[in-house]
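Undergrad: Okay, handing you the structure first.
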Amino acid sequence: MTITEKPHRSTESGTAAPTPFVALSRAMIKGFLRDKATLFFTFLFPLMFLVIFGLIFGNQGSSKTEIGVVGDGPVVSALEQSGVVEFKRFGSTEEALTEVTGGDLPAYIAENGNDISLRFAASDSTQAGLVNGLVSGVVDQTNLAATGQPPRFTLDAAQVEDSSLKAIQYMLPGILSWAVSIASVFGAALTFVNWRKKQVLRRLQLAPVQPSTVLGSRIVVSLGVALLQFTLFVGIALLPMFGLRLSGQWWLAIPLLLVGTLAFFSIGMLVGAFCKTEEAASGAANLITLPMAFLSGAFYPVDQMPQWLQTVSKVLPMRHLNDGMLDVMVRDKGAQALLVPAVVLIGFTLVLGFIASKVFRWED
Amino acid sequence: MNAARPATTPGQNPALVVDDIHMTYGDLRAVDGVSFTVGEGEFFGILGPNGAGKTTTLEIAEGLREPVSGSVRLLGQSPWPRNLALLPRIGVQLQASAFFERLTAREQLETFGALYGVGGRRVDDMLELVGLADKAGTPEAKLSGGQRQRLSIACALVHDPDVVFLDEPTAALDPQARRNLWDVLREVKSRGKTIVYTTHYLDEAEVLCDRVAIMDRGTILAMDAPARLVRGLDAPTHVILERNSVPLEQARALPGADHASEDGLSLTITTRTPAPVLSALAERNVLDGLQVRTATLEDVFLDLTGREYRA
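So the protein lines, in turn, are chains A and B. The first sequence lines up with residues 0 to 363 when you count with numbering that gives the first Met the number 0. The second sequence lines up with residues 0 to 310 when you count with numbering that gives the first Met the number 0.
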């Protein structure tokens with residue numbers, strides 16, 4: 000047992016000690032930052048989903064319909080100028096027909112002098128209707144132009160932003176709230192189970208520290224982690240390759256996210272009170288966060304679900320967190336959109352927190 | 000039960016007075032009428048096999064549990080319910096190593112110290128006291144069992160408490176690590192701390208403790224200084240020699256010898272008057288490799304319970 004003289008790190012003032020609150024928070028932050036698995040599931044894992052989904056659905060909206068073209072003429076060139084379809088040129092109608100019957104193209108158009116023929120696949124009625132309407136519109140316009148008469152009816156068409164969002168716009172708030180739920184539920188549950196198992200809770204019982212200090216420091220760490228996740232995820236989604244566009248009062252999402260973190264933390268406390276081992280707690284936390292994420296529309300818009308499921312999902316805190324964050328981050332709504340989500344999340348936290356405090360155990 | 004009352008009255012200001020405590024878990028009477036007093040500066044051991052009720056007794060004394068009946072006065076106050084004024088004056092090492100995850104030895108001490116408002120130099124002093132100054136930056140999980148126990152004791156002492164409770168600090172340690180820990184415990188005692196500790200190693204308690212209470216099945220069977228308990232046993236002394244150093248018949252005939260027996264390696268002479276036996280052996284010049292074994296606390300346990308001591 001050799002004793003080495005080392006310069007003392009924190010002895011400037013002799014007995015300087017941080018407050019119990021600061022010391023406990025610091026201990027938990029260090030424990031968090033040194034746990035590679037937890038870091039992975041807190042940051043990298045959800046980020047992987049964001050990146051993968053972002054790249055898969057990223058340019059879905061801009062993809063154009065491709066049709067086969069045989070021959071050339073005023074209709075074909077007008078169609079080309081419209082810029083809404085892409086052309087695949089063929090030398091003969093037989094070749095083009097083979098592609099259409101084979102299912103590789105939705106339709107082909109052949110222009111030979113004044114005869115214009117359109118053949119389309121019957122299997123995809125949406126595509127068929129689209130191509131049909133498009134081609135007949137162009138043919139009508141060309142006919143009208145050929146008469147030299149001014150058109151009697153004019154159509155004013157312009158692009159508008161619709162409420163069905165680009166993938167990244169609804170995915171970011173969803174995956175963010177899923178990630179925050181993982182960090183908070185697991186963080187709270189595993190801390191309590193681990194501290195009970197290793198008797199840290201009993202040791203703290205025998206130290207002059209209030210339970211509120213212990214709980215408060217753990218909550219502050221979870222809130223800090225949620226803020227980190229928010230910064231990181233939004234920062235990455237804003238990169239040009241993902242193309243997130245935040246609306247005016249996006250920062251209103253931060254207070255809502257923190258309230259949501261508290262709601263998830265209360266779930267974690269409840270899980271931590273019931274589970275005896277870390278394995279059981281992880282399983283239970285997974286069992287709660289993953290279905291909750293799916294039902295709350297974390298991965299796809301909630302209105303794609305059956306109506307009854309949408310109703311059921313309203314009991315889940317993540318659903319309200321998602322709705323609120325979508326409203327202020329990408330739907331350009333103001334603070335009043337947060338009223339219902341915030342009230343629901345606070346109520347949820349209070350109820351679960353109360354139950355958790357009743358079933359809390361210091362030891363097994 | 001009154002046999003368990005202390006035979007000696009320790010100092011005028013007892014650090015701990017436990018009076019007739021009972022504790023039951025369902026049908027099990029874990030602690031069944033235990034009383035003892037620990038004087039200031041005393042090193043008091045609670046011994047007994049696993050399940051004897053040692054830990055429960057300690058937990059009640061610390062204020063972690065409320066006894067079904069009976070009372071505890073710790074430094075003149077009741078430790079139950081949770082007494083925030085009393086907690087800074089006691090230091091506790093629990094049976095499991097209660098550490099925060101993924102912190103180094105120093106960080107564990109800093110965290111526990113901060114709970115009591117101490118830090119800085121005090122942390123370094125503690126690391127040196129338990130011989131872990133060179134392990135300050137090592138994660139707790141990478142310490143050996145003995146080092147972890149020493150760190151745990153350092154965490155219990157970091158705020159300079161008056162009374163220290165240690166629950167089986169030497170359990171599951173190899174012999175060398177146990178010896179190292181004994182040195183630490185002796186050093187703690189020399190600083191004037193009152194130590195209450197449990198162990199199932201009777202030999203260790205014999206070496207370390209001023210007084211011991213031997214517990215079995217929730218009650219104290221005997222309580223006194225270890226030497227006095229052993230002496231009170233009036234057990235014979237065993238003199239052990241190399242086989243064939245004295246013929247068995249002659250050994251039986253030695254003055255004072257009660258009994259002699261041989262096994263493959265040794266000749267064992269049992270006697271209640273070792274002096275004439277030893278001088279007779281000295282005359283024959285066969286003292287080389289001779290061992291004298293007197294009774295131990297294990298013999299006391301055997302005498303009290305009628306069964307072999309098994310930790």
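Glycine included, each C-beta is placed from N, C-alpha and C at the ideal position. Source: prediction; values computed, not measured.
Given a cut-off of 8 angstroms on the beta-carbon distance, is the pair B/Thr110 and A/Leu23 in contact?
TA: Within the second sequence, the letter at position 111 stands for residue 110 of chain B. Within the first sequence, the letter at position 24 stands for residue 23 of chain A. Closer than 8 angstroms, so yes.
Undergrad: State the CB to CB distance for the pair B/Gln107 and B/Asp166, rounded to an integer number of angstroms; the pair is presumed to be in contact (CB under 8 angstroms).
TA: Translated into the one-based positions of the second sequence, residue 107 of chain B becomes position 108. Translated into the one-based positions of the second sequence, residue 166 of chain B becomes position 167. About 18 angstroms; that fails the 8 angstroms criterion.
Undergrad: Should A/Trp361 be listed as close to the ligand GTP, given that the test is whether its C-beta is under 7 angstroms from any heavy atom?
TA: For the structure depicted, the ligand GTP is absent and the ligand set is empty, with no information on it obtainable.
Undergrad: Note down, in chain order, each residue of its chain lying with its Cβ closer than 8 angstroms to the Cβ of B/Leu180, except the 5 sequence neighbours on either side.
TA: For the purposes of this step, residue 180 of chain B is taken as the residue at position 181 of the second sequence. Once the five neighbours on either side are set aside, the close Cβ partners of B/Leu180 are Gly145, Gln148, Arg149, Ile152, Pro168, Thr169 and Leu172.
Undergrad: Determine the direct distance from the alpha carbon of A/Tyr107 to that of A/Gly90, and round the result to whole angstroms.
TA: The sequence position of residue 90 of chain A within the first sequence is 91, counting from 1. The sequence position of residue 107 of chain A within the first sequence is 108, counting from 1. Approximately 12 angstroms between the Cα atoms of the pair.
Undergrad: Can you list, in chain order, the residues of its chain with a C-beta nearer than 6 angstroms to that of B/Asp302? Leave out the 5 residues immediately preceding and following it.
TA: For the purposes of this step, residue 302 of chain B is taken as the residue at position 303 of the second sequence. Once the five neighbours on either side are set aside, the close Cβ partners of B/Asp302 are Leu232.
Undergrad: Would you say B/Arg101 reaches chain A, if we count a Cβ-Cβ gap shorter than 8 angstroms as a contact?
TA: Taking the first residue of the second sequence as 1, we reach residue 101 of chain B at position 102. Answer yes: the Cβ-Cβ gap between B/Arg101 and chain A drops below 8 angstroms somewhere.
Undergrad: Taking contact to mean at least 3 C-beta pairs separated by less than 8 angstroms, is the region 231 to 247 of chain A in contact with the region 164 to 171 of chain A?
TA: Output reads yes: the region 164 to 171 of chain A touches the region 231 to 247 of chain A.
Undergrad: Counting only beta-carbon atoms, is A/Leu205 nearer than 8 angstroms to chain E?
TA: Among the protein chains of the structure shown, namely A and B, there is no chain E.
Undergrad: May I ask you to report which of helix, strand or coil DSSP gives B/Leu15?
TA: The residue you call residue 15 of chain B lines up with position 16 of the second sequence. Correct three-state label for B/Leu15: strand.
Undergrad: State the CB to CB distance for the pair B/Leu126 and B/Ala104, rounded to an integer number of angstroms; the pair is presumed to be in contact (CB under 8 angstroms).
TA: Against the second sequence, residue 126 of chain B aligns to sequence position 127. Against the second sequence, residue 104 of chain B aligns to sequence position 105. About 7 angstroms; that satisfies the 8 angstroms criterion.
Undergrad: Please report the distance separating the alpha-carbon of B/Leu53 from that of B/Val163.
TA: Taking the first residue of the second sequence as 1, we reach residue 53 of chain B at position 54. Taking the first residue of the second sequence as 1, we reach residue 163 of chain B at position 164. Reading off the sequence, residue 53 of chain B comes out as Lys, not Leu. Whole-angstrom Cα-Cα distance: 15 angstroms.
Undergrad: Taking the alpha carbon of A/Gln228 as the point to measure from, which residue in A/Ser211, A/Gly101 and A/Ser176 has its own alpha carbon closest?
TA: One-based indexing of the first sequence puts residue 228 of chain A at position 229. When only C-alpha atoms are compared, the closest one is A/Ser176.
Undergrad: I need the DSSP call for B/Arg216, collapsed to helix, strand or coil.
TA: One-based indexing of the second sequence puts residue 216 of chain B at position 217. Coil.
Undergrad: For B/Ser260, count the other beta carbons within 10 Å of its own beta carbon; 16 or more makes it buried, fewer makes it exposed. Which is it?
TA: To locate residue 260 of chain B, count along the second sequence from 1; it is residue 261. Answer is exposed; the Cβ neighbour count stays below 16.
Undergrad: Which ranges does the alpha helix (DSSP H) cover as unbroken runs of at least 4 residues, wholly within the region 31 to 74 of chain A, from first to last along the chain?
TA: Those alpha helix (DSSP H) runs which fall completely within the region 31 to 74 of chain A and span 4+ residues are 35 to 38 and 44 to 56.
Undergrad: Should A/Leu23 be flagged as near chain B, meaning a C-beta pair shorter than 8 angstroms?
TA: Taking the first residue of the first sequence as position 1, residue 23 of chain A is located at position 24. So yes, A/Leu23 belongs to the interface.
Undergrad: Strictly below 7 angstroms CB to CB, what residues from chain B border A/Gly30?
TA: Position 31 of the first sequence, counted from the start, is the residue given in the question as residue 30 of chain A. Going along chain B in sequence order, the residues near A/Gly30 (Cβ under 7 angstroms) are Phe99, Glu100, Arg101 and Leu102.
Undergrad: Could you work out which residue in B/Thr269, B/Gln249, B/Tyr308 and B/Thr267 is closest to B/Arg283 when comparing CA atoms only?
TA: Within the second sequence, numbered from 1, the residue matching residue 283 of chain B stands at position 284. If we check each option's Cα against that of B/Arg283, B/Gln249 comes out closest.
Undergrad: For chain B, find out if any of its Cβ atoms is closer than 8 angstroms to the Cβ of A/Phe353; answer yes or no.
TA: Reading the first sequence from its first residue, position 354 is the one you call residue 353 of chain A. A/Phe353 does not count as touching chain B.
Undergrad: Where does A/Val219 fall in DSSP's three states?
TA: Translated into the one-based positions of the first sequence, residue 219 of chain A becomes position 220. Three-state DSSP puts A/Val219 in a helix.
Undergrad: Looking at A/Leu255 and A/Ala225, is the spacing between their C-beta atoms short of 8 angstroms?
TA: As a position in the first sequence, residue 225 of chain A is number 226, starting the count at 1. As a position in the first sequence, residue 255 of chain A is number 256, starting the count at 1. For A/Ala225 and A/Leu255, no; Cβs fall outside 8 angstroms.
Undergrad: By the three-class DSSP mapping on this structure, what secondary structure does A/Phe86 have?
TA: Position 87 of the first sequence, counting from 1, holds the residue named residue 86 of chain A. It is a strand residue.
Undergrad: Taking DSSP as the reference, what is the three-state secondary structure of B/Arg242?
TA: Looking up residue 242 of chain B in the second sequence gives position 243. Three-state result, B/Arg242: coil.
Undergrad: Alpha carbon to alpha carbon, how far is A/Thr41 from A/Ser183? Give it in angstroms, no decimals.
TA: Start at 1 with the first residue of the first sequence, and residue 183 of chain A comes out as number 184. Start at 1 with the first residue of the first sequence, and residue 41 of chain A comes out as number 42. Approximately 9 angstroms between the Cα atoms of the pair.
Undergrad: How would you list, in chain order, the residues of chain A whose beta-carbon sits under 9 angstroms from the beta-carbon of B/Glu106?
TA: Position 107 of the second sequence, counting from 1, holds the residue named residue 106 of chain B. The contacting residues are Arg25, Ala26 and Lys29.
Undergrad: Three-state secondary structure (DSSP) at A/Val339?
TA: In the first sequence, the residue the question calls residue 339 of chain A occupies position 340. Helix.
Undergrad: When you compare the CB positions of B/Ile89 and B/Leu102, do they come within less than 8 angstroms of one another, or not?
TA: By 1-based counting over the second sequence, the position of residue 89 of chain B is 90. By 1-based counting over the second sequence, the position of residue 102 of chain B is 103. Cβ atoms of B/Ile89 and B/Leu102: not closer than 8 angstroms.
Undergrad: Could you tell me the distance, in whole angstroms, from the CA atom of A/Ala297 to the CA atom of A/Ala144?
TA: Residue mapping note: residue 297 of chain A aligns to position 298 of the first sequence, counting from 1. Residue mapping note: residue 144 of chain A aligns to position 145 of the first sequence, counting from 1. Approximately 51 angstroms between the Cα atoms of the pair.
Undergrad: Please decide whether B/Tyr115 counts as near chain A, where near means a Cβ-Cβ distance under 8 angstroms.
TA: For the purposes of this step, residue 115 of chain B is taken as the residue at position 116 of the second sequence. Closer than 8 angstroms: yes.
Undergrad: Do you know whose CA, among B/Leu114, B/Asp124, B/Leu57 and B/Val17, lies nearest B/Gly75's CA?
TA: By one-based count along the second sequence, residue 75 of chain B stands at place 76. Taking only the C-alpha atoms, the option nearest B/Gly75 is B/Val17.
Undergrad: How many angstroms separate the CA atom of B/Phe42 from the CA atom of B/Ile213?
TA: Position 43 of the second sequence, counted from the first residue, corresponds to residue 42 of chain B. Position 214 of the second sequence, counted from the first residue, corresponds to residue 213 of chain B. Their Cα atoms are separated by approximately 14 angstroms.
Undergrad: Between the C-alpha atoms of A/Gln198 and B/Ala84, what's the straight-line distance to the nearest angstrom?
TA: The residue labelled residue 198 of chain A in the question sits at position 199 within the first sequence. The residue labelled residue 84 of chain B in the question sits at position 85 within the second sequence. Approximately 22 angstroms between the Cα atoms of the pair.
Undergrad: Can you give me the Cβ contacts of A/Asn193 inside the same chain, cut-off strictly under 8 angstroms, excluding the 5 residues immediately before and after it?
TA: Residue mapping note: residue 193 of chain A aligns to position 194 of the first sequence, counting from 1. Val199 and Glu277.
Undergrad: Spatial neighbours of B/Ser68 within its chain, please: CB distance less than 6 angstroms, with the 5 preceding and 5 following residues excluded, ordered by chain position.
TA: Here residue 68 of chain B corresponds to residue number 69 of the second sequence, with the count starting at 1. Counting only Cβ-Cβ distances below 6 angstroms, and skipping sequence neighbours, we find His21.
Undergrad: By DSSP, does A/Asp114 sit in helix, in strand, or in coil?
TA: Here residue 114 of chain A refers to the residue found at position 115 when the first sequence is read from its first residue. Reduced to three states, the DSSP call for A/Asp114 is strand.
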